[in-house]
Amino acid sequence: MSTIIGLIVALALAGSLVYVLLRPRYAFLLVLLFFPLEQVVQAWVPWLMRVPWLLNVAVALTSATAAGMLLIRGQRPFRGLNNLQTWATCGLYFLVLFGMLHTPSRDAAKYFVIDNGLPYWALMLGVLPLLILSLDDFYKMLVPFMVIGSIISVLILANPNASVYGGRLTLEFVAASGEVFRGNPLVVSELGMMVAVVAALLVTRQGTAGALLLRASCFLAGMAVMLASGSRGQAIAMVVAVVALIPFAYTIRDMRQFLLLSVSGLFIVVLGYVSIVLFVSEETAARWTGESVGVGAKVRFESIINMFAAFMSSPGSWIFGLGTNAYNAYFRPPDGSYTYAHNLFIEVLTEEGFLGFGFLCLSLWAVWKGWRWIWTAAKDDRAMRSASAILGAFALVALLQALKQGTFTSIPLPFYIFLVVNKVARAEQMNLAEAESEPTRDEAEYVAALTYASRG
Numbered sequence: 001m002s003t004i005i006g007l008i009v010a011l012a013l014a015g016s017l018v019y020v021l022l023r024p025r026y027a028f029l030l031v032l033l034f035f036p037l038e039q040v041v042q043a044w045v046p047w048l049m050r051v052p053w054l055l056n057v058a059v060a061l062t063s064a065t066a067a068g069m070l071l072i073r074g075q076r077p078f079r080g081l082n083n084l085q086t087w088a089t090c091g092l093y094f095l096v097l098f099g100m101l102h103t104p105s106r107d108a109a110k111y112f113v114i115d116n117g118l119p120y121w122a123l124m125l126g127v128l129p130l131l132i133l134s135l136d137d138f139y140k141m142l143v144p145f146m147v148i149g150s151i152i153s154v155l156i157l158a159n160p161n162a163s164v165y166g167g168r169l170t171l172e173f174v175a176a177s178g179e180v181f182r183g184n185p186l187v188v189s190e191l192g193m194m195v196a197v198v199a200a201l202l203v204t205r206q207g208t209a210g211a212l213l214l215r216a217s218c219f220l221a222g223m224a225v226m227l228a229s230g231s232r233g234q235a236i237a238m239v240v241a242v243v244a245l246i247p248f249a250y251t252i253r254d255m256r257q258f259l260l261l262s263v264s265g266l267f268i269v270v271l272g273y274v275s276i277v278l279f280v281s282e283e284t285a286a287r288w289t290g291e292s293v294g295v296g297a298k299v300r301f302e303s304i305i306n307m308f309a310a311f312m313s314s315p316g317s318w319i320f321g322l323g324t325n326a327y328n329a330y331f332r333p334p335d336g337s338y339t340y341a342h343n344l345f346i347e348v349l350t351e352e353g354f355l356g357f358g359f360l361c362l363s364l365w366a367v368w369k370g371w372r373w374i375w376t377a378a379k380d381d382r383a384m385r386s387a388s389a390i391l392g393a394f395a396l397v398a399l400l401q402a403l404k405q406g407t408f409t410s411i412p413l414p415f416y417i418f419l420v421v422n423k424v425a426r427a428e429q430m431n432l433a434e435a436e437s438e439p440t441r442d443e444a445e446y447v448a449a450l451t452y453a454s455r456g
């Protein structure tokens, strides 16, 4: 059975890559789902582990080709990229490269930036924003994202090599060298979180029973992998995003709509409770105890305090920072592995200085301003209102994740989501300006008549 499913997965992947070349805009989904897709494909098609770079190259080339095809077809993929977010992000990542020149931990900086970061910078900061052209484009991606994400979630849960290790559901892989290692559970959890967010906030143009059933099924699938992976931060981010954005996703103009929103909220709570009952097992329950949460929070808080103290004790580094990935020069683990501060704000402030933190503040201001404009422009259309709320939720959960995991010098979270938000906002503003400047049909006919008369 595993061989058959693996063959189906391989054929589906090949078909998807071809389809993306025919419909270039769907490359946006390919990039957005890349990390969990990579894990699930390699889990079901083990021979790909012999050439682990093959899938990465295939996705990167397909996505870049799709962006090129959009340009050739005159769909202006660069339209809207000239905005504050783009310049703030470029400024921050220029400082990251500059910080490599004076960091006390060049080996760590090389590992995170050169060895692991640059390809993802190119794909997620360079290519991804080119693949989304408007809010309507984003809306059209939501149901496919929800469905494909749910299928990936089910394939993860059903894989024979999926098991719980350290309270987390992970996939086990065998490298070409024979080394056995486990996939990143945060990737799995992030997928579940985003699927659950879309399912909770999506409003379709036709609110049929079938659409509601689809959303409920996808919500459960997303919750399943998120809870099983034991990632508390993603669960908290999902709850915060849904609670914060649900009033923006649904129209509330009268008592009937208020009651409908209340019922929808209650339905989400019930599904969440069912998910906890079904998918938090004895093996994963330890990750959700108060003691476990407290220990994790304490470790991260101590990391923040210690790094901030090191930064403040070096006034000469206040402008440009201690240097990219300098955390390793102060708090390197005993085993010699590379690590980071696990917090975007403290990492940018201490390693890229007040200048880098200024770029971060500009980025946050730009994404807030851009999203607010999108929602205000879309709020009278129930589908577009929902799409704008989900776009805001994606930005919010990306920021919340960056405050507790990873390093932005490797995977550029949350900036690739921020770039998408501001690209959509600026493109929609330009579309609106063009529409307002174009003459109406009557005006055009009148001008044409005057021109004809003057020639006569």
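Using the numbering used here, you'd call the opening residue of the sequence shown number 1 and step up by one each time. Backbone N, C-alpha and C define an ideal beta-carbon position, used for all residues, glycine too. Because the structure is a prediction, the values reported are computed rather than measured.
For Ser163, the uninterrupted beta strand (DSSP E) segment begins and ends at Ala162 to Tyr165. Looking only at Ile151, Leu84 and Pro77, the smallest Cα-Cα distance to Ala12 is reached by Ile151. Beta bridge pairing from DSSP links Leu171 with Ala162. Around Asn116, the same chain offers Ser410 as residues with beta carbons nearer than 7 Å, after the five sequence neighbours per side are excluded.
Between Ser134 and Glu428 a beta carbon distance of about 6 Å is seen, short of the 8 Å cut, so the two are scored as contacting. Leu7 and Val45 have their C-alpha atoms roughly 7 Å apart.
In the same chain as Gly233, and ignoring 5 residues on each side of it, the C-beta atoms closer than 6 Å to its own belong to Lys404, in chain order. Scanning its chain for C-beta atoms nearer than 8 Å, with the 5 sequence neighbours on each side dropped, one finds around Leu432 the residues Ala377, in chain order. Phe112 sits in a helix when the DSSP states are folded into three classes.
Exclusion of the five residues before and after Lys423 leaves Gly80, Leu81 and Pro129 as the residues of its chain whose Cβ lies within less than 6 Å of its Cβ. Remark: C-beta atoms of Ser189 and Leu123 do not approach each other more closely than 8 Å. For Phe418, the enclosing alpha helix (DSSP H) stretches over residues Phe415 to Ser437.
Met193 counts as buried, since at least 16 other C-beta atoms from the protein chains shown sit within 10 angstroms of its C-beta. DSSP places Val18 inside the alpha helix (DSSP H), whose first and last residues are Ser2 to Leu22. For Val225, the secondary structure class from DSSP, reduced to helix, strand or coil, is helix. Here Phe408 carries a coil assignment [DSSP, helix/strand/coil]. Between the beta-carbon of Thr170 and that of Gly183 there is about 6 Å, and that keeps the pair under the 8 Å contact cut. Look at Arg215 here: in three-state DSSP terms it is helix.
If you draw a straight line from the Cα of Leu344 to the Cα of Trp373, it is about 25 Å long. Closest in C-alpha terms to Phe320, from the list Tyr338, Ser337, Thr350 and Ala310, comes Thr350. Contact check for Ala393 and Ala224: beta-carbon distance about 20 Å, past the 8 Å limit, so the pair fails to qualify.
Counting along the chain, the unbroken alpha helix (DSSP H) around Phe331 starts and ends at Tyr327 to Phe331. Per DSSP, the continuous alpha helix (DSSP H) segment holding Val348 begins and ends at Leu344 to Ala378. Judged by DSSP in its simplified three-state form, Val180 adopts strand. By the Cβ neighbour-count rule, Arg73 is exposed, with fewer than 16 other Cβ atoms within 10 Å of its own. Under the DSSP assignment, Tyr93 falls in the alpha helix (DSSP H) whose first and last residues are Leu84 to Gly99. Taken atom to atom, the span from the alpha-carbon of Gly294 to that of Phe408 is near 25 Å.
Between the region 17 to 25 and the region 161 to 169 there are fewer than three inter-stretch CB-CB distances shorter than 8 Å, so the stretches are not counted as touching. Inter-residue distance for Asp335 and Leu61 is about 37 Å (C-alpha atoms, whole angstroms).
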